[in-house]
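Scroll down for the structure; my scribbles are underneath it.
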Amino acid sequence: MGIKSHARMTEDVEVKILEEAVETSYEKAGSKAVRNEKISRQTVKNKIEKLEIPIEREKSEKKREVKYLYVEADEAHVSLQYKEKRGDLKGKKYKGCELAKVVYVHEGKREGKKQAEKN
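Yeah, the sequence shown ends on 201 if you go by my numbering, and it's all consecutive.
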């Protein structure tokens, strides 16, 4: 019959579960896959996690080389939402705002025609 040893469901049921899980929740996928049976959300999640999807990446001919690469770090103050009134979020170091870490990488400033004319 094509059923592997210790198998709890056939491959066509697994395929139906995966197809349904793409469109709906894990719970609905488990209930719609087989008539008169219900497959748990955890089982659906486990089936999805066991999938091995090969990722094909484009191979670049040659990576670009730069003389200098600048890494800059800073912080930004971000205003927080509040539940009912300002300052009701507990456990925050600063009331009403949070510090966000910002890191950016660049190759430096490029001189264009306008910048070269100014100098």
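Ideal Cβ placement from N, Cα and C applies to all residues, glycine included.
From the DSSP output, in three-state form, read off Ser122 for me.
coil
Test item: CB-CB of Glu180 and Leu162 under 7 Å
yes
Coarse secondary structure for Ala89, derived from DSSP in three states
coil
Among His88, Ser87, Lys114, nearest to Val97 - alpha-carbon criterion:
Lys114
Measure the alpha-carbon distance for Val153 versus Glu147 and round it to whole angstroms.
16 Å
Is the separation between the beta-carbon of Val184 and that of Ala158 shorter than 7 Å?
Going by C-beta atoms, Val184 is nearer than 7 Å to Ala158.
Tell me where the beta strand (DSSP E) around Ser107 begins and ends.
In the DSSP assignment, Ser107 falls outside any beta strand (DSSP E) and carries neither an H nor an E.
Where the beta strand (DSSP E) through Val148 begins and ends
From DSSP, Val148 is part of no beta strand (DSSP E); its letter is neither H nor E.
Nearest-angstrom Cα distance between Ile99 and Lys110?
9 Å
Exposed or buried, which one is Lys144 when buried takes at least 16 other CB atoms within 10 Å?
exposed
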